[in-house]
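Residue numbers (the working numbering): 4 to 509.
From the three backbone atoms N, C-alpha and C, an ideal C-beta is built for every residue, glycine too.
Written below as structure tokens is the structure these notes are about.
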């Protein structure tokens, strides 16, 4: 059973701008099966509740109940469910409220609001029956902190919208294990811990030092449904690396990418104390999945969207990170790509080392000779870091990019070569994709949309195809596919790309 447990009416809460009838109608529309009105220091009586339910024309199964929000002198606001009459505003502690009303359920309302960090002892105080961990009052980082405490301390939790206006009513709902029709039955469910916030939590693949969780709070019908990605880091060094990406995207957003055809995963908040970064979840499916299922016409459209997104970024010619940052770490990274081959004494180690050496010498020479060619790039531009979605207002397709951890000032060809090489690798055993969605569509569209390319661009694309193949070789060795046909194919493709680079320069 799903219920809205924290809301205010204009009849008895001066801070509210929605009357009771409109409030409960909206809650029913969002999918709630019950609503508990919690006006400040006021308890609705049964006759008045029955009247507003009648006036709203709601079905019998929808329960309209009343609780009360009361301000204590030590815990601040609490939600009290099960009072027989109004508890008027007065100077009482939580303990005094509990002694007077032992059979009620008492919830600590929005304790994380205003960036507060509730003490463990207070969250686990036996005088409380639960904690409100999701609320419209919370910033994103406060919701993430509350969720973390909920999992670690395992207290009973609810969500409460704390509605004061019609538009966001029913956003933060609570789900109960069993149905109830009276406030007394609901109190029993809370006291026995048979309730929890209405949200979806999905762990996503991260790294050894990063935990990624996708959170969706509220029903699909809610107008302000919150969707976010929480990245939690193991140590300060990894958090600073994530914070670097957070900063890059924040800067990019100053120049667009918020709405329209081209978007990014918008940073929402950061919590250094808990080593967490929170960002908006990009709607839709990955470009990889879309190309697998799409008809030829749609596949071409998606590839053109990807090319348009990249050209849009490159055309800004942003320079957010230091110009020398990439070269300062690149040689070590290329060596890392070969580390698995040396450790396993792979028979083609020397051959791949020659590829790596040529990549490094060419990269270094170009960047040192022409630092003016560098622009802020994505750095990991491939089909699984791009999402195709549909704008709910315009019904138009859009493409959004995630994961800017590898964003540096780079040659434009870096992102283009990476995309082409990854496209080839991801569909290496799916020739039908090459027929309906060839990378040439992406390449031509990018050339058409980008404002400026240097004279050596085509050769540089081949260089960065070869570099991307080195990263794929590293992965194949790591997962035990170092002797596979795929490994051989990728190694030969890297050699061909370097040969093509040399040919284009003659």
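Beta-carbon proximity list for residue i, same chain, < 7 Å, skipping 5 on both sides
i           : result
residue 385 : 421, 422, 425
residue 115 : 121, 141, 145, 148, 149
residue 361 : 501
residue 490 : 476, 479, 484
residue 152 : 126
residue 293 : 305, 391
residue 77  : 96, 97
residue 349 : 480, 485
Contact set for residue i: own chain, Cβ-Cβ below 6 Å, skip 5 residues either direction
i           : result
residue 23  : 12, 14, 55
residue 189 : 183
residue 387 : 289, 291
residue 392 : 286, 287, 401
residue 113 : 135, 138, 140
residue 16  : 42, 43
residue 337 : 359, 363
Exposure of residue i, with buried meaning 16 or more beta-carbon neighbours within 10 Å
i           : result
residue 200 : buried
residue 415 : buried
residue 270 : buried
residue 35  : buried
residue 495 : exposed
residue 368 : exposed
residue 236 : buried
residue 263 : exposed
residue 296 : exposed
residue 84  : buried
residue 273 : buried
residue 332 : exposed
residue 18  : exposed
residue 46  : buried
residue 177 : buried
residue 372 : exposed
residue 418 : buried
residue 170 : exposed
residue 205 : exposed
residue 509 : exposed
residue 239 : exposed
residue 398 : exposed
residue 449 : buried
residue 470 : buried
residue 53  : exposed
Beta-carbon separation (whole angstroms), residue i vs residue j, contact threshold 8 Å
i           : j           : result
residue 162 : residue 137 : 4 Å
residue 466 : residue 366 : 7 Å
residue 445 : residue 310 : 5 Å
residue 27  : residue 68  : About 10 Å separates the two Cβ atoms, so there is no contact after all.
residue 409 : residue 379 : Wrong, their Cβ atoms sit about 12 Å apart, outside the cutoff.
residue 111 : residue 131 : 5 Å
residue 9   : residue 90  : Rounded, the Cβ-Cβ distance is 16 Å, inconsistent with contact.
residue 439 : residue 299 : 4 Å
residue 253 : residue 212 : Incorrect: roughly 22 Å between the Cβ atoms, too far for contact.
The beta strand (DSSP E) enclosing residue i, as first and last residue numbers
i           : result
residue 510 : In the structure as shown, the chain starts at 4 and stops at 509, and residue 510 therefore has no counterpart that could be examined.
residue 279 : 279-283
residue 233 : 229-236
residue 434 : Per DSSP, residue 434 belongs to no beta strand (DSSP E); it is in the alpha helix (DSSP H), 434-439.
residue 273 : 270-274
residue 199 : 198-200
DSSP beta-bridge partners of residue i
i           : result
residue 81  : 73, 111
residue 375 : DSSP output for residue 375 lists no bridge partner at all.
residue 263 : Residue 263 is not bridged to any residue.
residue 67  : 38
residue 401 : 392
residue 412 : 379
residue 138 : 163
residue 350 : Paired residue(s): none; residue 350 is not in a bridge.
residue 213 : 210, 236
residue 205 : 217
residue 288 : 391
residue 43  : 72
residue 133 : 110
Delimiting residues of the alpha helix (DSSP H) encompassing residue i
i           : result
residue 337 : 328-346
residue 1   : No answer is possible for residue 1: the residues shown for the chain start at 4 and end at 509.
residue 471 : 460-481
residue 144 : 143-156
residue 29  : 23-32
residue 1   : A query on residue 1 cannot be resolved here, the shown segment of the chain reaching from 4 to 509 and no further.
residue 194 : 186-194
residue 102 : 97-103
residue 168 : Per DSSP, residue 168 belongs to no alpha helix (DSSP H) and is neither H nor E.
Residues near residue i by beta carbon distance below 8 Å, same chain, minus five either side
i           : result
residue 326 : 374, 377, 412
residue 339 : 477
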